[in-house]
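Below you'll find the structure, written out as structure tokens, and then a few comments.
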Amino acid sequence: MPELPEVETTRQGLLPRLQGRTLRRIVVRNPHLRWPVPDDLEARLTGLPLQALDRRGKYLLFGFGTGTQIVHLGMSGSLRFAGPGEPAALHDHIDWLFDDGTTLRLRDPRRFGAVLWTDDVAQHPLLAHLGPEPLTSGFDASYLHAQCQRRTAAIKQVVMDAQVVVGVGNIYASESLFHAGIRPATAARRLSRPACARLVEAIKRVLAAAIAAGGSSLRDYVASDGELGYFQLQTRVYDREGLPCKICNTPIRRIVQGQRASFFCPACQR
Ligand SMILES: [Zn+2]
């Protein structure tokens with residue numbers, strides 16, 4: 551599933567070729583994504599230049615001046631540039647054709663993604679209640695500590711709640727808690743402020759490293775066939791049940807929280 555680093559890497563890969571380009575046509579082969587693609591999307595966007603390409607959580611925001619096209623990649627979506635005359639494959643549901651011949655193509659085999667339109671992005675129901683971006687100064691120890699004080703859930707579930715902070719998916723939550731030395735099942739309200747400070751720092755570091763790893767694949771991505779190579783984080787605990795901790799050699803443990811697997815080192819995380 552595309553997580554925040556993959557979405558940010560996609561944004562950084564698309565921006566240089568699309569910014570300022572005028573949209574000429576949209577081809578919707580299958581409008582049945584998580585929600586129907588709006589019938590009037592092409593009528594609204596044709597002839598408009600793309601002014602900005604931003605990201606909020608895992609949503610890509612294509613700013614066209616009169617409003618914003620919202621794109622979410624869902625479980626299996628990807629955006630890539632199609633070569634000249636390259637035929638669409640089975641799961642290539644939407645093409646955006648720009649004035650310089652560039653074709654942006656959405657592939658989404660499971661169709662949990664979304665392509666929507668809004669003229670007021672700040673008030674859109676998918677975006678209005680999102681927590682702060684993890685890599686901004688608004689996500690700090692004081693903020694996380696205050697959020698934790700109000701909640702009875704385990705800390706892993708709190709940091710994965712998009713109303714607390716966006717973009718901390720399952721892998722990144724397990725990895726960040728390892729780096730912060732906190733067990734995933736710890737009650738959030740029991741975390742001290744210094745523990746929250748360590749966790750905030752770990753989340754920022756893990757996400758920034760993943761974005762940097764993705765960024766290093768961008769040259770291939772743009773220059774070759776347009777495929778974005780989804781990258782694997784070098785994990786310390788995630789998906790390493792029974793394997794020795796890379797710090798202390800204690801076997802990594804796996805538990806299930808909220809139907810999601812969590813991994814931790816019982817010695818490094820207390
Ligand atoms: Zn360990």
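Position 51 of the sequence shown, counting from 1, maps to 601 under the numbering used here, and the rest follow consecutively. C-beta atoms are modelled at their ideal positions from N, C-alpha and C, and glycine is treated no differently.
Check, Outcome
"Touch test, the stretch 676 to 693 against the stretch 707 to 722, Cβ-Cβ under 8 Å, three pairs minimum", "yes"
"Whole-Å CB distance - H643 paired with N720, under 8 Å assumed", "26 Å between Cβ atoms; not a contact."
"Closest residue to Y609 among Q809, R733 and A672 (Cα-Cα distance)", "A672"
"I620 - partner residues in DSSP beta bridges", "L611 and L666"
"Inter-stretch contact (C-beta, 8 Å, three-pair minimum) for the stretch 687 to 707 and the stretch 643 to 663", "no"
"Whole-Å CB distance - L749 paired with A730, under 8 Å assumed", "4 Å"
"Residue nearest to G624 in terms of C-alpha spacing, selected from R743, P744, P816 and R584", "R584"
"Inter-residue spacing [alpha-carbon to alpha-carbon] between R739 and A747", "14 Å"
"N799 CB to nearest heavy atom of ligand 1 below 8 Å", "yes"
"Sub-9 Å separation of C798 and R786 beta-carbons", "no"
"Helix, strand or coil at V806 [DSSP, three-state]", "strand"
"Three-state secondary structure assigned by DSSP to L647", "strand"
"Distance CB(L607)-CB(L677) smaller than 9 Å", "In the sequence as presented, Leu is not what sits at residue 607; that position holds Gly. Yes. Within cutoff."
"Helix, strand or coil at L603 according to DSSP, with G and I counted as helix", "strand"
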